[in-house]
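Protein chains: 2
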Amino acid sequence: MNAPHTLQEPAGPRPYNFSAGPAAMPEAVLQRAAAEMLDWHGSGMSVMEMSHRGKEFGEIYAQAEADLRALLAVPANFRILFMQGGGLGENAIVPLNLSRGGTVDFVVTGSWSVKSHKEAQRYCNARVAASNADDQHTRLPDPAGWQLSGDASYVHLCSNETINGIEFHELPDLAALGSKAPLVIDFSSHVASRGVDWSRVGLAFGGAQKNLGPAGLTIVVVRDDLLGHALEICPSAFNYKTVADNQSMYNTPPTWGIYMAGLTFQWLREQTEGALSGVAAMEQRNIAKAKLLYDFIDASSFYLNKIDPGCRSRMNIPFFLRDEARNEAFLSGARAAGLLQLKGHKSVGGMRASLYNAMPLEGVQALVSYMREFERSHA
Amino acid sequence: MNAPHTLQEPAGPRPYNFSAGPAAMPEAVLQRAAAEMLDWHGSGMSVMEMSHRGKEFGEIYAQAEADLRALLAVPANFRILFMQGGGLGENAIVPLNLSRGGTVDFVVTGSWSVKSHKEAQRYCNARVAASNADDQHTRLPDPAGWQLSGDASYVHLCSNETINGIEFHELPDLAALGSKAPLVIDFSSHVASRGVDWSRVGLAFGGAQKNLGPAGLTIVVVRDDLLGHALEICPSAFNYKTVADNQSMYNTPPTWGIYMAGLTFQWLREQTEGALSGVAAMEQRNIAKAKLLYDFIDASSFYLNKIDPGCRSRMNIPFFLRDEARNEAFLSGARAAGLLQLKGHKSVGGMRASLYNAMPLEGVQALVSYMREFERSHA
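Taken in sequence, the protein lines are chains A and B.
Numbering follows this note's numbering, in which position 79 of the first sequence is assigned residue number 61; successive positions increment by one, without gaps.
Numbering follows this note's numbering, in which position 245 of the second sequence is assigned residue number 227; successive positions increment by one, without gaps.
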């Protein structure tokens, strides 16, 4: 194995990476990680070489937890857990911890909530309280029509469907809808792109690999009173109370993932737009980025987005060439232009541009320019 | 956030890191990771930014799997799975997949197998077939005396107890002991330090963070015929057959962990000792490293190791100062001498030196020199 001692200067600007996840990370975060790789803050160790119970990693952990709490304005009666297993793991872990083997209401709005509902059937009476399947997951079902149970242990929804490109721009007020159940949201693919109304949420979970850090880290934010009700068959390593009681160190946590997420949290806290900072600044940018691409698509007769404008995702924008025979030419031209990972999910087809926090406005401008030029030369 | 563009040259040699895990990694692996951080092989992406379903990560994954198979001489009828949740996660995941809700025999030899036995009781009739608790986990129970069941779904043992410093230098031949059950081994803390006799093993699991890579990656090597028998309550993300059928990509795998483990596998394959290479070369080095430290301790009246010489671990060497009032002075002097993370586990006390593959002989020599000097100045 060769052993380079210095980083090469990049030959030019980095390409723009539109992957739906694992996804682009802020360049400053990657540079910091490279620079600290062999010696974190004079410790003589890489972060990967530290005992999770040592002083150094303890500092990294505490800072990451505090920064995430500040970024998302997490109230004091919620715990932040750093776990493993991703969103698909949580599809089992949530009902193992919260269902009490009873009834759970699912709002099914796309590929991810379909999977969550299916997996939960192992552990509870998992009902479909609402679904947009008849609309091919292109619009959100009106909360006024949700068939909520009187006795649900919780209500589950996916607040941004990565594959379908559909987003809740406001979380439902379950109490106003007549449900006493806590709301569980899968916010994997838009966490930290906008604020969270914690008054309407009991638990939020998300894989880090879209907006917060590398794959292999799962963030869970859970209200205190929901801890301690796990089924007996819940594995200890995935029992929220066990994890919370041990500051996410019942088992060895994914230390590198926590470190990288922590650097990302720092980067997010430093971002500003006018008088706004942190997540509020990111939300402004994300609105502008998404508007740029949607407006271009809507004005074009060459491209198409099928999602109801009222619930279009700011993060994941699936679009189609009206002539799909040109898909390969579009993708290979995009790669040549430094626009990476634009191919749509196999279940939807077409293209998908994911515009997470790490994607600058310039990346979306470059994409729109390429799309305009491709249309001009192929229409 | 500052954004350094070049790695600083290290001020001098790196300290020696004796952490039990997460543990020291080969310096060449860390340097490669730093150099490739912003642009893996001209892809324009960090490994952390790649879709796990893309061509680039597909190459990384396939190479890592092939290298691990070659290193450990894994037979063709075994599958290699890259999972999440660590050893403590596997304490539930193994019985969820293999117990069939029946009887399982546990050989309890230290802290880790105690935990494995306890966790399995959620899912099956978890029996203690043998235990060294009466010997305070200082010697291995003779297999001839194990009380194996006639109908066990499997037999579980921890082939190296990290906390207690006790290691199976030969795996038991269960068939010769009258059991038809497959053997499950937790090899977290000595995987790739020596060969594995796969003819005696049905499944091996281990967290990567001791000998193979960063925390957050779990390696499972499982014989084909043991797939497909999971309990209905097994989460899909942790169902070995689901994981195997999807090449470890049913859920998003810990891509960075797989990449770092892959670099470590390459480094291991390149290691040689005389005519030996790979794991055989590492085993020679590990024998020499452990002998150096044990011989020194045994010859000293100042230090003490309590483990039966026939089953002392080559990887984890707990030792005590006979005068424990000097522990803090020993540890602070060690840190000053560039010998890190030597404090023993809280459940055992004293000191512990973990001598994983990434620890060179020179590190053990430095430790012995320090111990000799500390004894000379404090005896």
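Backbone N, C-alpha and C fix where the C-beta goes; we use that ideal spot for every residue, glycine too.
Going by the beta-carbon positions, is the gap between residue i and residue j smaller than 8 Å?
{"i": "C140 of chain A", "j": "G92 of chain A", "result": "yes"}
{"i": "H324 of chain B", "j": "F0 of chain B", "result": "Checking the sequence shown, residue 324 of chain B turns out to be Leu, not His. Result yes, Cβ atoms of L324 of chain B and F0 of chain B sit closer than 8 Å."}
{"i": "T224 of chain B", "j": "S230 of chain B", "result": "no"}
{"i": "S170 of chain A", "j": "G69 of chain A", "result": "yes"}
{"i": "M7 of chain A", "j": "A340 of chain A", "result": "yes"}
{"i": "L50 of chain A", "j": "I42 of chain A", "result": "no"}
{"i": "V202 of chain A", "j": "L185 of chain A", "result": "yes"}
{"i": "G84 of chain A", "j": "S135 of chain A", "result": "yes"}
{"i": "V137 of chain A", "j": "L165 of chain A", "result": "yes"}
{"i": "H211 of chain A", "j": "R104 of chain A", "result": "no"}
{"i": "F278 of chain A", "j": "L303 of chain A", "result": "no"}
{"i": "G127 of chain B", "j": "A115 of chain B", "result": "no"}
{"i": "L153 of chain B", "j": "I167 of chain B", "result": "yes"}
{"i": "L321 of chain A", "j": "Y(-2) of chain A", "result": "yes"}
{"i": "N287 of chain B", "j": "I269 of chain B", "result": "no"}
{"i": "M65 of chain A", "j": "T200 of chain A", "result": "yes"}
{"i": "F39 of chain A", "j": "M32 of chain A", "result": "yes"}
{"i": "G331 of chain A", "j": "F356 of chain A", "result": "no"}
{"i": "V261 of chain B", "j": "A174 of chain B", "result": "yes"}
{"i": "S180 of chain B", "j": "I145 of chain B", "result": "The residue asked about is misnamed: residue 180 of chain B is Trp in this sequence, not Ser. Cβ distance not < 8 Å, so W180 of chain B and I145 of chain B don't count as in contact."}
{"i": "L78 of chain A", "j": "I289 of chain A", "result": "no"}
{"i": "L20 of chain A", "j": "R(-4) of chain B", "result": "yes"}
{"i": "W249 of chain B", "j": "A46 of chain B", "result": "no"}
{"i": "F88 of chain B", "j": "V56 of chain B", "result": "no"}
With which residues is residue i paired in a DSSP beta bridge?
{"i": "D87 of chain A", "result": "A:R109 and A:V137"}
{"i": "E255 of chain B", "result": "B:L258"}
{"i": "A335 of chain A", "result": "A:I299"}
{"i": "R61 of chain A", "result": "A:V204"}
{"i": "G189 of chain B", "result": "B:T200"}
{"i": "N(-1) of chain A", "result": "A:L322"}
Under the assumption that residue i contacts residue j (Cβ atoms under 8 Å), give the Cβ distance between them as a whole number of angstroms.
{"i": "G239 of chain B", "j": "G198 of chain B", "result": "5 Å"}
{"i": "R251 of chain B", "j": "L53 of chain B", "result": "6 Å"}
{"i": "R334 of chain B", "j": "A5 of chain B", "result": "The pair is not a contact, with the Cβ atoms about 11 Å apart (cut-off 8 Å)."}
{"i": "R296 of chain B", "j": "E143 of chain B", "result": "Not a contact, Cβ separation roughly 12 Å."}
{"i": "M242 of chain A", "j": "A15 of chain A", "result": "6 Å"}
{"i": "F220 of chain A", "j": "G67 of chain A", "result": "7 Å"}
{"i": "V86 of chain B", "j": "N107 of chain B", "result": "7 Å"}
{"i": "M196 of chain A", "j": "H34 of chain A", "result": "Note that residue 196 of chain A is Pro in the sequence shown, not Met. With a Cβ gap of about 17 Å, P196 of chain A and H34 of chain A do not count as contacting."}
{"i": "R176 of chain B", "j": "E255 of chain B", "result": "Not really, about 13 Å apart at Cβ, beyond 8 Å."}
{"i": "L80 of chain B", "j": "L208 of chain B", "result": "6 Å"}
{"i": "Y338 of chain A", "j": "N193 of chain A", "result": "5 Å"}
{"i": "G71 of chain B", "j": "N233 of chain A", "result": "6 Å"}
{"i": "H172 of chain A", "j": "C293 of chain A", "result": "Not quite, the Cβ-Cβ distance comes to about 12 Å (not below 8 Å), so this is no contact."}
What do you reckon, is the C-beta of residue i under 7 Å from a heavy atom of the ligand GTP?
{"i": "D280 of chain B", "result": "Looking for the ligand GTP in the displayed structure turns up nothing, as the structure carries no ligands at all."}
task: Indicate whether the contact test is met: 3 or more Cβ pairs, each with one atom in the stretch 22 to 33 of chain B and one in the stretch 339 to 348 of chain B, closer than 8 Å.
output: No contact exists between the stretch 22 to 33 of chain B and the stretch 339 to 348 of chain B.
- request: Within the stretch 278 to 321 of chain B, note down every full beta strand (DSSP E) run reaching 3 residues or more, in order along the chain.
  value: 298 to 303
task: Let me know the beta strand (DSSP E) ranges lying completely inside the stretch 116 to 187 of chain A, each 3 residues or longer, listed in chain order.
output: Taking only runs of at least 3 residues, the beta strand (DSSP E) segments lying wholly in the stretch 116 to 187 of chain A are 134 to 140 and 165 to 168.
query: Would you call the stretch 308 to 315 of chain B and the stretch 114 to 125 of chain B in contact, with 3 or more CB pairs under 8 Å?
result: no
field: Runs of alpha helix (DSSP H) wholly within the stretch 16 to 55 of chain B (minimum 4 residues, chain order)
entry: 37 to 53
message: Report the start-end ranges of each beta strand (DSSP E) in the stretch 200 to 274 of chain B that is 3 residues or longer and not cut off at the edges.
response: 200 to 205
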